[in-house]
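Under our numbering, think of the first position of the sequence shown as 8, with each following residue one higher. From the three backbone atoms N, C-alpha and C, an ideal C-beta is built for every residue, glycine too. Everything on this sheet refers to the single structure shown next.
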Amino acid sequence: MSNHSTPLETDWVWTMPNIGTTWCTCGRDPLTGEPLHQVTRPLITRYVLETLGSIPVDMTNKEISLVVLKLWNRQEITPPLADALLASVNAVVGEVQENYPVDTAIAVIKHFSHTVVIRD
């Protein structure tokens, strides 16, 4: 298990299409078909701040999970959510680590938000 303090190249995460459950349930733009509200870097940053009380230099897996729970209005990380989070960590970072630079952690949350399939 590595412990890196240098953010990875994650620009690709911010341009990937949404292939999972749509975060916004307000409807879709009639021209683009995209959800009216997107999961953006400023939105995730706001949730990091609300959840953790400040913007840290690095985030742990637990802190990422707490932000995901708040962002997605969930009470717990269920096995399917845990699997989706692990898949996002592996896609963005390549391996599970003890902590991640905050920009990398935010990219993991973005990837999760565009790939998770939630069945209520």
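Pairwise C-alpha distance: residue j and residue i
{"i": "Ala89", "j": "Val74", "result": "13 Å"}
{"i": "Glu102", "j": "Val96", "result": "7 Å"}
{"i": "Asn10", "j": "Thr67", "result": "Reliability of the predicted coordinates at Asn10 is poor, the pLDDT of 49 falling under 50, and no value is obtained from them."}
{"i": "Asn80", "j": "Ile71", "result": "14 Å"}
{"i": "Ala112", "j": "Asp36", "result": "29 Å"}
{"i": "Val100", "j": "Thr58", "result": "22 Å"}
{"i": "Thr85", "j": "Gln104", "result": "20 Å"}
{"i": "Trp94", "j": "Ser120", "result": "Going by the sequence as given, residue 94 is Ala instead of Trp. Answer to the nearest angstrom: the Cα atoms are 12 Å apart."}
{"i": "Trp30", "j": "Arg53", "result": "15 Å"}
{"i": "Trp21", "j": "Leu43", "result": "16 Å"}
{"i": "Gly34", "j": "Met23", "result": "20 Å"}
Assumed close pair residue i, residue j - CB separation to whole angstroms, cut-off 8 Å
{"i": "Thr39", "j": "Asp110", "result": "Not quite, the Cβ-Cβ distance comes to about 27 Å (not below 8 Å), so this is no contact."}
Unbroken beta strand (DSSP E) run spanning residue i, endpoints
{"i": "Asp90", "result": "Here Asp90 belongs to no beta strand (DSSP E); instead the alpha helix (DSSP H) covers 86 to 99."}
Run of the alpha helix (DSSP H) containing residue i, from where it starts to where it stops
{"i": "Asp65", "result": "Element bounds for Asp65: not the alpha helix (DSSP H) but the beta strand (DSSP E), 65 to 67."}
C-beta contact flag for residue i and residue j at 8 Å
{"i": "Ile26", "j": "Thr122", "result": "yes"}
{"i": "Thr28", "j": "Ile125", "result": "yes"}
Option in the options with minimal Cα separation from residue i
{"i": "Pro49", "options": "Val64, Lys117, Pro108", "result": "Lys117"}
{"i": "Pro108", "options": "Trp19, Ala91, Asp65", "result": "Asp65"}
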